[in-house]
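S.K.: For any residue, its number in the numbering used here is found by taking its place in the sequence shown, counting from 1, and adding 193.
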Amino acid sequence: LSQLPGWSLRADGSIVIATGNDDALGLYRCTPYNSYGTAGESRPTRVLLKDPPAFTVRPKEEYFQEVGRELVIPCAAHGDPPPTITWVKVGSVGKSSAQVDENSSLVLHPLIKEQHGVWECTATNQVASVTTATSVHVLGTSPHAVTNVSVLPLLLAANISWEPGFDGGYFQRFSVWYTPLVRHPPRAHHDWVSLSVPAGAQHLLVENLQPDTSYQFSVLAQNKLGSGPFSQIVTSVPRGFPVTTVPPEPPAMTVHVFLSPPRALTANETVRGVLLRWDPPARASVALSGYALELRQDKGGWEVLERSIPGTDTQVLVPGLIKDAFYEFRLVAFAGSYISDPSNTVNVSTAGMEVYPSRTQLPELLPQPVLAGVIGGICFLSVAVIFSTMAACIMNRRRAARLRKRRQDPPLVFSP
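#1: Output needed for serine 170: all residues of its chain with C-beta closer than 7 Å, excluding positions within five of it in sequence on either side, in chain order.
#2: Reducing DSSP to helix, strand and coil, say where aspartate 294 ends up.
#3: Cysteine 586 by DSSP, collapsed to three states: which one?
#4: Got a sec: is the Cβ-Cβ distance from isoleucine 208 to anything in chain B below 8 Å?
#5: Restricting to Cα atoms, I'd like to know which of Leu397, Gly284, Thr334 and Gln319 is closest to proline 245.
#6: Name the residue from Gln490, Asp517, Gly513 and Tyr531 whose alpha carbon lies nearest to the alpha carbon of glutamine 523.
#7: Apply the 10 Å Cβ neighbour rule to valine 340 and answer buried if 16 or more other Cβ atoms are within range, or exposed otherwise.
#8: Which of the three DSSP states is assigned to leucine 574 in this structure?
#9: Please go through the same chain and pick out, in chain order, the residues whose beta-carbon is closer than 6 Å to the beta-carbon of valine 344, but skip the five residues on each side of it.
#10: Under a three-way DSSP split, which group does alanine 211 fall into?
#11: Could you check the C-alpha separation between alanine 394 and proline 336 for me, to the nearest Å?
#12: Can serine 453 and arginine 470 be called in contact, C-beta distance under 8 Å?
#13: Taking just the CA atoms, how far does serine 533 sit from asparagine 540?
#14: Does serine 581 come out as helix, strand or coil in the three-state DSSP assignment?
#15: Straight-line CA distance for valine 511 to glutamate 259?
#16: For alanine 593, is the classification buried or exposed, using 16 other Cβ atoms within 10 angstroms of its Cβ as the cut-off for buried?
#17: Using a 10 Å radius around the Cβ and a threshold of 16 neighbouring Cβ atoms, would you call isoleucine 587 buried or exposed?
#18: Using CA coordinates, which residue listed in Gly494, Ile210, Arg465 and Ser536 is at the minimum distance from alanine 485?
#19: On the CB-based measure, 16 or more other CB atoms within 10 Å of its CB, does alanine 270 come out buried or exposed?
#20: Can you tell me which residues form a DSSP beta bridge with serine 389?
#21: Which runs of the beta strand (DSSP E) spanning at least 3 residues fall entirely within the region 328-372, listed in chain order?
#22: Could you tell me if threonine 438 is buried or exposed, where buried requires 16 or more neighbouring beta carbons within 10 angstroms of its beta carbon?
#23: How long is the line joining the alpha carbons of threonine 505 and aspartate 472, rounded to whole angstroms?
#24: When the Cα atoms are used, what is the spatial distance from serine 298 to valine 265?
#25: Which stretch, first to last residue, makes up the beta strand (DSSP E) that contains tyrosine 229?
#26: Do phenylalanine 248 and threonine 317 have their C-beta atoms within less than 8 Å of each other?
#27: Could you tell me the alpha carbon to alpha carbon distance between cysteine 223 and aspartate 273, rounded to whole angstroms?
#28: Using C-beta distances below 6 Å, list every residue in its chain close to serine 235, excluding the 5 sequence neighbours before and after it, in chain order.
#29: Closer than 8 Å is the cut-off here; do at least three beta carbon pairs connect the region 410-424 with the region 356-369?
#30: Hey, out of Gly494, Glu496 and Ala526, whose CA is closest to threonine 507's CA?
#31: Quick check on proline 276: buried or exposed, where buried means 16 or more other Cβ atoms within 10 Å of its Cβ?
#32: In the DSSP assignment, the beta strand (DSSP E) including histidine 271 goes from what residue to what residue?
#33: Assuming proline 225 and glycine 206 make a contact with CB atoms under 8 Å, what is their CB distance in whole Å?
#34: Have a look at tryptophan 200 and alanine 232 and give me their C-alpha separation to the nearest angstrom.
#35: Using alpha carbons as the reference points, say which of Val390, Trp385, Thr279 and Leu304 lies closest to glutamate 295.
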């Protein structure tokens, strides 16, 4: 064994082969012995080398397709023995309606809303199993349910927050529904109260609640095609005033700074790039300083694209996007050191678009320094023309005066 690199013998008699190669192929027999001899060899065992599965075709990280259409996602692998390809939707319960063709590709036809999510392709043989994943986004549907709903109990109030689900390809809005839980309701059922959430917000403060009373909360998402399912119901009890024989003093006046996010962010393709428009925040208790535009490409990390958009502007032009890419944009407002929550997110696909200059510009005719230079040049040219005209007039007058003087002088007469 010392002549074979990576081979070693354990104390229990096992052979360890660190790296399998052609040297390891063949028949092996084990012979135990001690000072009295041996009882003979073991039965032979054969060592074969097999290849684990390896993907030859991997699916893309994300796929976007309209509901009702066909979506084919490729996946292929090789190995020894040849692996078996299986597809499964992460988090699904029971059998899915997906089909696999003869090339091991996932076929979703017709594409339905329930097939939105993460799909895994697994290649398996006798040696090992390998898995790769892809995300399927079904466009043209009602929103998906929000997740991670949490309730923070406050004094006679509750702060509700959540994480939005997929919007179905359209702008979505949210509403918070709540109802008290009473032991003996006056009617056979209790009514739910709904509160609209400002566009782009992912939390809402529900006020004027009864102290020490249990409330149920749920969040509903809606877009232009309809409503999604209600979120999970969360129960919470708002806090009341401490029990005391002395009436509580009114709370001290506190200045609360509130800055809602920009509203109704939209994107439109123009000949110069992608033009983003929005509405100012609906509520702001302090003067608005400006906006910052954030971007992320192909579901990567968010980056600040422009951080000095004036607070009086409601649109910005974004050129310089890469062709055949998927972008997401969102906007935040800031006032001094206060920053709002992000606005709604707009999706922009540059498939088939032209490439524009790479510098983001506000939609103005000219930047202010260039405009000031142009105005200064025009003023200088105007002054030069005026001075030239005045000098020409003066020269003409002097020339006319000399001509008149010559005509008035008597002629000179010479006598012989």
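Think of the CB as a built atom: it goes at the ideal place given N, C-alpha and C, for glycine as much as any other residue.
Please read these numbers as outputs of a predicted model, since none were measured by experiment.
M.R.: Quick answer:
#1: As displayed, the chain neither begins before 194 nor continues past 609, which places residue 170 out of reach and without an answer.
#2: coil
#3: In this structure, cysteine 586 counts as helix in the three-state DSSP scheme.
#4: Although the question refers to chain B, the structure presented lacks it and comprises just one protein chain.
#5: Gln319
#6: Here the sequence assigns arginine to residue 523, which means glutamine is not the residue at that position. Cα-wise, what sits closest to arginine 523 is Gln490.
#7: According to the sequence as given, residue 340 is threonine; it is not valine. Its Cβ having fewer than 16 others within 10 Å, threonine 340 is exposed.
#8: helix
#9: Sequence-distant partners of valine 344 (beyond 5 residues in either direction) whose C-beta falls short of 6 Å from its own C-beta, in its chain, are Ala351, Ile353, Phe410, Val427 and Ser429.
#10: coil
#11: Whole-angstrom Cα-Cα distance: 16 Å.
#12: no
#13: Their backbone Cα atoms lie some 21 Å apart in a straight line.
#14: helix
#15: Answer to the nearest angstrom: the Cα atoms are 26 Å apart.
#16: exposed
#17: The residue in question, isoleucine 587, is exposed, as its Cβ has fewer than 16 Cβ neighbours within 10 Å.
#18: Ser536
#19: Buried, since its Cβ has 16 or more Cβ neighbours within 10 Å.
#20: Answer is Ser368.
#21: Those beta strand (DSSP E) runs which fall completely within the region 328-372 and span 3+ residues are 340-347 and 350-356.
#22: For threonine 438, the predicted model reports a pLDDT of 47, less than 50, meaning its position is unreliable; a value from the coordinates is still stated below. With fewer than 16 other Cβ atoms within 10 Å, it is exposed.
#23: In this model, threonine 505 and aspartate 472 are separated by some 11 Å (Cα to Cα).
#24: 6 Å
#25: For tyrosine 229, no beta strand (DSSP E) encloses it, and the DSSP letter there is neither H nor E.
#26: no
#27: 28 Å
#28: Arg222 and Cys223
#29: yes
#30: Ala526
#31: buried
#32: From DSSP, the beta strand (DSSP E) with histidine 271 extends over 269-273.
#33: 7 Å
#34: 26 Å
#35: Thr279
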